[in-house]
Structures are given as C-alpha cells and as structure tokens.
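S.K.: One structure, as structure tokens, below. Some questions next.
Protein chains: 2
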Amino acid sequence: MQLRRLGILGVGLLGGSIGLAVRSRLKDCVVVGYGHQGDTLRAARQMGALDEAYEQPQQAVRDADLVVLCTPVGVLSPLLQQIAADVAGGAVVTDVGSTKRTVVQAGGRLLKPGVSFVGSHPMAGGEKRGVQFARADLFEGGICITTPTPQTDPAALARVEELWKLLGMRITRLSPASHDRLLADVSHLPHAVAAALVGMQHEEALGLCGKGFLDLTRIASGDPGLWRDILLDNRDNVRQSLRRMADQLQRLEALLDGQNAESLRAWLDAAAARRQGLVDSKDQGPPAA
Amino acid sequence: MQLRRLGILGVGLLGGSIGLAVRSRLKDCVVVGYGHQGDTLRAARQMGALDEAYEQPQQAVRDADLVVLCTPVGVLSPLLQQIAADVAGGAVVTDVGSTKRTVVQAGGRLLKPGVSFVGSHPMAGGEKRGVQFARADLFEGGICITTPTPQTDPAALARVEELWKLLGMRITRLSPASHDRLLADVSHLPHAVAAALVGMQHEEALGLCGKGFLDLTRIASGDPGLWRDILLDNRDNVRQSLRRMADQLQRLEALLDGQNAESLRAWLDAAAARRQGLVDSKDQGPPAA
C-alpha cells in the first residue's frame, strides 16, 4: 500500500492500534496523531504508535494523504468541520464510528471538493478503552464494514479498504442505511438489552447472579457516553429493533403456559441451533467481502 | 461430615461432580449412582465418580442416608414418586434443580414420614452437559441456595448444607417462593432474553455479529429441554420478570429522542456502574449466608 502520511484524529484504543499496526507494516509512512490530552499523546509516542503528535486537529491533517477519525461518534461532525479547510486536496478521510449515515452525510457536506470521505466501521475493540490497551494486531481477523455511496470515488474507497486489509481485516460493503439498520439489531439493541437486564434487577437478586449473568451483561460496561451517542444517532433503527425484541418477548410470554410446552421447546431449540450455527461459522472465520 | 452411603440419581455434569468430590473427600462414604443409560454409568465408574451404579433408581436409594436428585427439573416429581417406598427411614433427600417450589412441595407430599426433603440449588455448571465434563472442584467457591420451610427438620437441613460446604460452596437460605422469584430475574429471564435476541435477528445481521454478541447470547446455547421445563415450572415469576423487562425497554424507547440525552446517559451510567459493582463484589467472593 502506498501511503506517505497518515493522520489519526483521536488516539485511544482504536487510533493507537492503527498507529502501531501501520508503523510496523509501512516503514515509509509517517504516522501523525491528534489528541486533546498531552498525556495520551506522550503515551502513544512512547509506545511507538505515532511519529508526530499534535494537540490541534488541523496540525495532524496537513499534507496527510489519508486521515482516520477515531473519536466518539458524537464529535465526528464537529471534528470534520474543524479540519475541513486544512485537509489537502486529493486526500481521503475515513472514520471508525459505530453509526454511518450521519458521518457519511457530514463528510460529503463539509469537506472541500477534491477531498473524499468514505465511512468505515472496523469491528474490533470491546469494553476496554484507552491507548494503553492498543495493539498492532487488534484488527487481525475482524470484519471492517465500508459504506460507499453512489457518489463515492472508487479510488478513495480502494485507499480506505487497503488500509483495513493491511491491518488484517476482511471487508464487507454496505450502504450507510443498511449498516445502521443491521448494526441496530446485532450491536446497538444488544447493548441496550444488557443495560436493561442489569437495570431491572432488585438488589437482592443481584447477590445471586452467576457467571452467566456477568457474561450476558458484559457489554453493559461499555462507555455510557459513547453508547448514548450511538443510540441517539441511530434512534430510528434502534426503535424498530426494540419493537421486534418486544414482540419476541411477548411471543415467549404467550408460550408460557402448560399447553404450549412443545412450541416453547421449538422456540428454544431454534435459538440454540441458530447460536450454534453462529459459533460454527466464526470457527471457520468471518465471511469475506 | 458423617455420611455412610450417598445416592446420586442422575449422573451428568452435576451428579458426576458430586460423586468425584465426595469420593475424594469422604473416604468411608460409599457413593451409589442411578442413571438410565448404561454407557453413562460405565463412564462415571471409570472416572471414579461412583462406587456402585444401578439402572433402577430404587436400587440407588436403598440404605442411603443422603439422596441427591440430579435429573432435569421436569422429571423430579415422577422420580420422587418412584423412589418414595424405597428410601430408608431417617434418610434425607435433596435435589439440584433450578426451580424450588414444585419439588419442595412434591418432596413433602410424596416421601414417607421420617424421610425429609430439603431443596437445594447449587449454582454451578454452565452450558456444558454430561458426566465427561464432571470435576471434583466444580462447586468450589460457588453459592448453594437451600430452601427450608417452616416444616423442615433442622437436622436434615444441616446434613444437606454440610454436603455443599464439603464441596466448597457457601450457603444462602431462601424460602422456595423467594428462590423462584429471584432466580426468575437473575437467571430464567436472562436465558429467555438471550434466546429472544438470537431469535429476532435477520440472517444478514447475524453475518455481522461479533464477540460481544456471542458472549451476550452464550446462555441461549443451554439445553432447550431443560430450559423449557424451568421456564414452565416458574412461569408466574418469569411472566412478572418479562413485564419488568418490557417496562425497561419502553423506558429506553422514551429516552431515545434528542431532548433526553442527559437522561439516557444517566440510564446507561446506572447500568454500567451497577454491573461494575457486581464484578467488584465477585472479585471479593460471593456473600456468605
């Protein structure tokens, strides 16, 4: 991959891991980072994630041929606005956010002609946050969803997808709208459900919770500020997912009488078989684009 | 602990683990097992979980001073009926089922005068099933809920609790009704929710699921037949839990508009903090009785 200068805006778990991976794999690329905390930038430089570090985003995008926005979803649009005048002509900008319609629209609206925006969602990370958990292999084997639109420059899309492939990811392309609809079901709703499961417990019940409950609710420990932004940005889809979930729970309630033992068994069988299918497919690796 | 002869009815993960643990810790106790499959009984003997094995439950309870029922919840009452005439006077019978009202009532109704029933729910195990996963330390550090009633003989309760303490468990006492109400919230509902989360997914969304989704839905891989019996036996409580869960999800839906960003954040903060509290309390070990 030809990359002269990479700008990473936001040096946390994801931004730091991109820096580590690119510096170890593209020796000629200068990796430049922006963060608003001097401590974080120093830590990122010390661990080898950045060649240069700046406390102003404009400084980190100048002359970069690829810019990756790695801040929380809620501040992507203001950040695009801040850097718009300073991104070099011909550069490509992408992001790592968990929702895609808003940022793709903002990129198209705010960036100069000649600068391309391509939405990305590398599915990696977890509940851990901060550059101290960054690893060069964080993205290895994961799926990255890219969200081109009919307006997307194919060369810009190729540059972004090359980055993720360099980091070991497989690419799945979706429209921004499809991305947000599918992720509401498979990620945003599950987060909300885990939080609701914790929230509904009485104190005395929590004293009895076992490992199963802790596994089930692990994602509820994710950063509340990040998740607030994600749920609000994708609220139309999350509402639809919540309603389908409520329908499932109502269906279950209807099956909870002695007359429906076989239907209840079939409902549980279907869920167990489906999850097993998922586990088996993961063992074979995620589907390629 | 004084135990001359222990009868284990049902030699799967739990029954086999009880056998292994007791045989290694009480050298003078004869451990007798019942199973309806010869293969399982042979495996249990080979791994050292049983001294004697029988294919009729009556044979496994004769002369035992303690009998532990380790079959699925749905067959506990019929099993009590089968063994009632053969349990020795003065013996104590307990079980390991995930619901307690029905079996405690059946024990009191079906067993002879002079034979005591005490409900137990040792919280150990997981999705794995079968004697091949049995381990002498399966119960170490876990909580066992015992469910005495005003009619329970204190000496019988002590004999049962001594068994669980011998196996490394901490005891929490609850009435059968409290047990079933609390476990509906912290175990039965979460299982149902995990199954519903898998069940509501469209195929194309499942292709995008990550490790978080698999963790969240792990308990949906539990045995559907076992879970059908648990959910049906505890259906009044599970219905209440389902309704409280539905209320939480409705509350969340109401928070999903831009005006409520702070309330949504507070809702997510509370869930994350609560779960962290749980993780911290588990690190310090479960509460003692």
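Residue numbers (the working numbering), protein chains in the order written: chain A, 1 to 289; chain B, 1001 to 1289.
Each residue gets a CB set at the ideal place from its N, CA and C atoms; glycine is no exception.
1. Less than 8 Å between CB atoms is the rule here; does aspartate 215 of chain A satisfy it with respect to chain B?
2. In chain B, which residues lie less than 8 Å from alanine 192 of chain A when you measure between Cβ atoms?
3. Ordered along the chain, which non-local residues of its own chain (more than five positions away) have a Cβ less than 6 Å from that of alanine 106 of chain A?
4. In the DSSP assignment, find the beta strand (DSSP E) that holds arginine 1005 of chain B and state where it starts and stops.
5. Measure from the alpha carbon of alanine 1136 of chain B to the alpha carbon of each residue in B/Ala1049, B/Gly1130 and B/Ile1219, then state which is nearest.
6. On a CA-only basis, which of B/Ala1158, B/Gln1059 and B/Asp1233 is nearest proline 1176 of chain B? Give me that one, please.
7. Would you call the stretch 1087 to 1094 of chain B in contact with the stretch 1109 to 1120 of chain B, where contact means no fewer than 3 C-beta pairs closer than 8 Å?
8. What do you get for alanine 299 of chain A, buried or exposed, if any count of 16 or more other CB atoms within 10 angstroms of its CB means buried?
9. Is leucine 3 of chain A closer than 8 Å to leucine 69 of chain A when the C-beta atoms are compared?
10. So, under 8 Å CB-CB, threonine 1099 of chain B and aspartate 1180 of chain B are touching, yes? Tell me the CB distance rounded to an integer number of Å.
11. Can you name the start and end residues of the beta strand (DSSP E) that valine 1031 of chain B belongs to?
12. Along the beta strand (DSSP E) that carries valine 1022 of chain B, what are the first and last residues, could you check?
13. Our contact map puts leucine 138 of chain A next to alanine 124 of chain A with C-beta atoms below 8 Å; I'd like the distance itself, whole angstroms only.
14. Cutting at 6 Å between CB atoms, please list the residues of its own chain near glycine 1010 of chain B, excluding the five before and the five after it.
15. Should proline 1224 of chain B be flagged as near chain A, meaning a C-beta pair shorter than 8 Å?
16. Just curious, the beta strand (DSSP E) that phenylalanine 117 of chain A is in, first and last residue?
17. Which residues of the stretch 1156 to 1170 of chain B have a Cβ closer than 9 Å to any Cβ of chain A? Give them in chain order.
18. Let me see if you follow: with CB-CB separation under 8 Å, is glutamate 1204 of chain B close to chain A or not?
19. Starting from arginine 1181 of chain B, follow the alpha helix (DSSP H) in both directions and report where the run begins and ends.
20. Tell me the DSSP secondary structure of glutamate 162 of chain A in three-state form.
21. Classify glutamine 248 of chain A as buried or exposed, calling it buried when 16 or more other Cβ atoms lie within 10 Å of its own Cβ.
22. Which of the three DSSP states is assigned to leucine 69 of chain A in this structure?
23. Between glycine 1015 of chain B and glycine 1033 of chain B, how many whole angstroms is the CB-CB distance? I'm expecting something under 8 Å.
24. Give the straight-line distance between the Cα atoms of glycine 12 of chain A and serine 178 of chain A, rounded to the nearest whole angstrom.
25. Quick check: the stretch 166 to 174 of chain A against the stretch 1140 to 1154 of chain B, are there 3 or more CB pairs under 8 Å?
26. Quick check: the stretch 1189 to 1201 of chain B against the stretch 267 to 277 of chain A, are there 3 or more CB pairs under 8 Å?
27. State the DSSP-derived secondary structure class of alanine 1053 of chain B, mapped to helix, strand or coil.
28. Could you check whether the Cβ of arginine 1251 of chain B sits closer than 7 Å to any heavy atom belonging to the ligand FAD?
29. According to DSSP, is threonine 217 of chain A part of a helix, a strand, or is it coil?
30. For arginine 1170 of chain B, write down the residues that DSSP places opposite it in a beta bridge.
31. Could you check what DSSP says for valine 1075 of chain B in three-state terms: helix, strand or coil?
32. For leucine 182 of chain A and alanine 246 of chain A, what's the separation of their Cα atoms in angstroms?
33. Once you ignore the five residues that flank leucine 167 of chain A on each side, which residues in its own chain have a CB closer than 6 Å to its CB?
34. By DSSP, does leucine 1231 of chain B sit in helix, in strand, or in coil?
35. So alanine 1246 of chain B contacts chain A; which residues on that side make the cut at Cβ distance below 7 Å?
36. Report the three-state DSSP secondary structure of threonine 1102 of chain B (helix, strand or coil).
M.R.: In this structure, then:
1. Translated into the one-based positions of the first sequence, residue 215 of chain A becomes position 215. For aspartate 215 of chain A, the answer is yes, since a Cβ of chain B falls inside 8 Å of its Cβ.
2. By 1-based counting over the first sequence, the position of residue 192 of chain A is 192. Those within 8 Å of alanine 192 of chain A in chain B are Leu1249 and Leu1252.
3. If you number the first sequence from 1, residue 106 of chain A lands on position 106. Correct list, in chain order: Ser77 and Leu80.
4. Residue numbering aside, residue 1005 of chain B sits at position 5 when the second sequence is read from its first letter. Counting along the chain, the beta strand (DSSP E) containing arginine 1005 of chain B begins and ends at 1005 to 1009.
5. To locate residue 1136 of chain B, count along the second sequence from 1; it is residue 136. Residue B/Ala1049 is the option with its Cα nearest to alanine 1136 of chain B.
6. The sequence position of residue 1176 of chain B within the second sequence is 176, counting from 1. Nearest option by C-alpha distance: B/Asp1233.
7. yes
8. Outside the shown range of chain A, which is 1 to 289, sits residue 299 of chain A, and nothing can be said about it.
9. Position 69 of the first sequence holds residue 69 of chain A. Position 3 of the first sequence holds residue 3 of chain A. Not a contact, by the Cβ cut-off of 8 Å.
10. Sequence index remark: in the second sequence, residue 1099 of chain B carries index 99 (1-based). Sequence index remark: in the second sequence, residue 1180 of chain B carries index 180 (1-based). Indeed, because the Cβ distance is near 6 Å, the residues count as touching under 8 Å.
11. In the second sequence, the residue the question calls residue 1031 of chain B occupies position 31. First-last of the beta strand (DSSP E) with valine 1031 of chain B: 1030 to 1034.
12. Your numbering for residue 1022 of chain B matches position 22 in the second sequence. Counting along the chain, valine 1022 of chain B falls outside any beta strand (DSSP E), though it belongs to the alpha helix (DSSP H) covering 1013 to 1025.
13. Along the first sequence, read from residue 1 onward, the residue named residue 138 of chain A stands at position 138. Along the first sequence, read from residue 1 onward, the residue named residue 124 of chain A stands at position 124. Going by Cβ atoms, the distance from leucine 138 of chain A to alanine 124 of chain A rounds to 5 Å, so yes, they are a contact pair.
14. Along the second sequence, one-based indexing puts residue 1010 of chain B at 10. Cys1070 and Thr1071, listed in sequence order.
15. Along the second sequence, one-based indexing puts residue 1224 of chain B at 224. So, interface residue.
16. Counting from one through the first sequence, the residue named residue 117 of chain A turns up at place 117. Run containing phenylalanine 117 of chain A: 116 to 122, per the beta strand (DSSP E) assignment.
17. none
18. To locate residue 1204 of chain B, count along the second sequence from 1; it is residue 204. Yes, its Cβ sits closer than 8 Å to a Cβ of chain A.
19. Here the question's residue 1181 of chain B lines up with position 181 in the second sequence. 1176 to 1183 is the extent of the alpha helix (DSSP H) around arginine 1181 of chain B.
20. Against the first sequence, residue 162 of chain A aligns to sequence position 162. Reduced to three states, the DSSP call for glutamate 162 of chain A is helix.
21. Sequence index remark: in the first sequence, residue 248 of chain A carries index 248 (1-based). Classification of glutamine 248 of chain A: buried, given that the 10 Å Cβ count is 16 or more.
22. In the first sequence, residue 69 of chain A corresponds to position 69, counting from 1. Residue state, collapsed to three classes: strand.
23. One-based indexing of the second sequence puts residue 1015 of chain B at position 15. One-based indexing of the second sequence puts residue 1033 of chain B at position 33. Rounded, the Cβ-Cβ distance is 7 Å, consistent with contact.
24. To locate residue 12 of chain A, count along the first sequence from 1; it is residue 12. To locate residue 178 of chain A, count along the first sequence from 1; it is residue 178. Cα to Cα, glycine 12 of chain A sits roughly 27 Å from serine 178 of chain A.
25. no
26. yes
27. Position 53 of the second sequence holds residue 1053 of chain B. Correct three-state label for alanine 1053 of chain B: strand.
28. In the structure on display, the ligand FAD does not appear, and there are no ligands present to speak of.
29. Residue 217 of chain A sits at position 217 when you count from the first residue of the first sequence. Here threonine 217 of chain A sits in coil by DSSP.
30. Counting from 1 along the second sequence, the entry for residue 1170 of chain B is found at position 170. Arginine 1170 of chain B is bridged to B/Ile1143.
31. Here the question's residue 1075 of chain B lines up with position 75 in the second sequence. It is helical.
32. For the purposes of this step, residue 182 of chain A is taken as the residue at position 182 of the first sequence. For the purposes of this step, residue 246 of chain A is taken as the residue at position 246 of the first sequence. Each residue's Cα considered, the two are about 17 Å apart.
33. As a position in the first sequence, residue 167 of chain A is number 167, starting the count at 1. Here the set comprises Ala21 and Phe139.
34. Taking the second sequence and counting its residues from 1, the one referred to as residue 1231 of chain B is at position 231. Of the three classes helix, strand and coil, the one that applies to leucine 1231 of chain B here is helix, per DSSP.
35. Translated into the one-based positions of the second sequence, residue 1246 of chain B becomes position 246. Those within 7 Å of alanine 1246 of chain B in chain A are Ala246 and Leu249.
36. Locating residue 1102 of chain B in the second sequence gives position 102, counting from the first residue. Helix at threonine 1102 of chain B.
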